[in-house]
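My numbering applies: residue 9 is where the sequence shown begins, and numbers increase by one.
Quick notes on the structure that follows.
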Amino acid sequence: MWDPGFDHSGAVSARVLGWHRRFTLVSTISWGTGDAPGLCAVLHRGGTSWGRAFTVNPERLEGVLHGLDRREIAYHRRNVWLEIGDGIGVRRQRAWTYVANPDHPRLRADIDPEQQKTLVRQGVGTKGSSLFYLKNTARCLADDGHFHNDARKFLAMLDIDRANGGDCGNP
């Protein structure tokens, strides 16, 4: 959400309905390697989760979705309900997002906290470290006013800040 990887004409804080974020997808390219995998987030069925909704010009939407489908190969694309606050009220609208593919071999739905901690600490891939990814997710949500977000709680539960001196692990 903090680096969507596509051109957009706007972004707003939004809450996805019926899905919650968990750090259960092993990353072997972007946030880790085959020898030292990292960990990233994926939406699992049930609950709600804050994130960002991006506006894409209609004439570019098909190309953006095609690119995302290729990049997000470990996920399923779904049309979901969002709630977006506009300062006056809350409106609901449909939007595309990517959710957990329960059959993907890198999904670890039952991963335990010690395994998560190991993956977040060791993972460094083409986009940076897994810790950088986690901290930026937490920061992005906090910047949108969601200070008690799932990423921040996950980071605190792993107690990684003290172990790594707060360094995101990226140059």
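The C-beta atom is built at its ideal place from N, Cα and C for all residues, glycine as well.
Residue i to residue j span [Cα, whole Å]
i	j	result
residue 25	residue 96	20 Å
residue 132	residue 11	17 Å
residue 155	residue 149	7 Å
residue 75	residue 126	31 Å
residue 33	residue 63	26 Å
residue 112	residue 146	25 Å
residue 115	residue 88	21 Å
Local Cβ density within 10 Å of residue i, reported as buried at 16 or more and exposed below that
i	result
residue 50	buried
residue 98	exposed
residue 158	buried
residue 66	exposed
Own chain partners of residue i with C-beta closer than 7 Å, once the 5 adjacent residues on each side are dropped
i	result
residue 178	No answer about residue 178 holds up, because its pLDDT of 39 lies below 50 and its placement is not dependable.
residue 78	none
residue 72	14, 64
CB contact check: residue i to chain D, cutoff 8 Å
i	result
residue 89	The structure shown has no chain D; it contains just one protein chain.
Cβ-based neighbour list, residue i, same chain, cut-off 8 Å, excluding 5 preceding and 5 following
i	result
residue 172	Reliability of the predicted coordinates at residue 172 is poor, the pLDDT of 43 falling under 50, and no value is obtained from them.
residue 90	22, 23, 24, 25, 61, 100, 101, 102, 103
CB contact flag (residue i, residue j, <8 Å)
i	j	result
residue 58	residue 118	no
Okay, do the region 52 to 70 and the region 34 to 44 touch, 3+ Cβ pairs below 8 Å being the bar?
no
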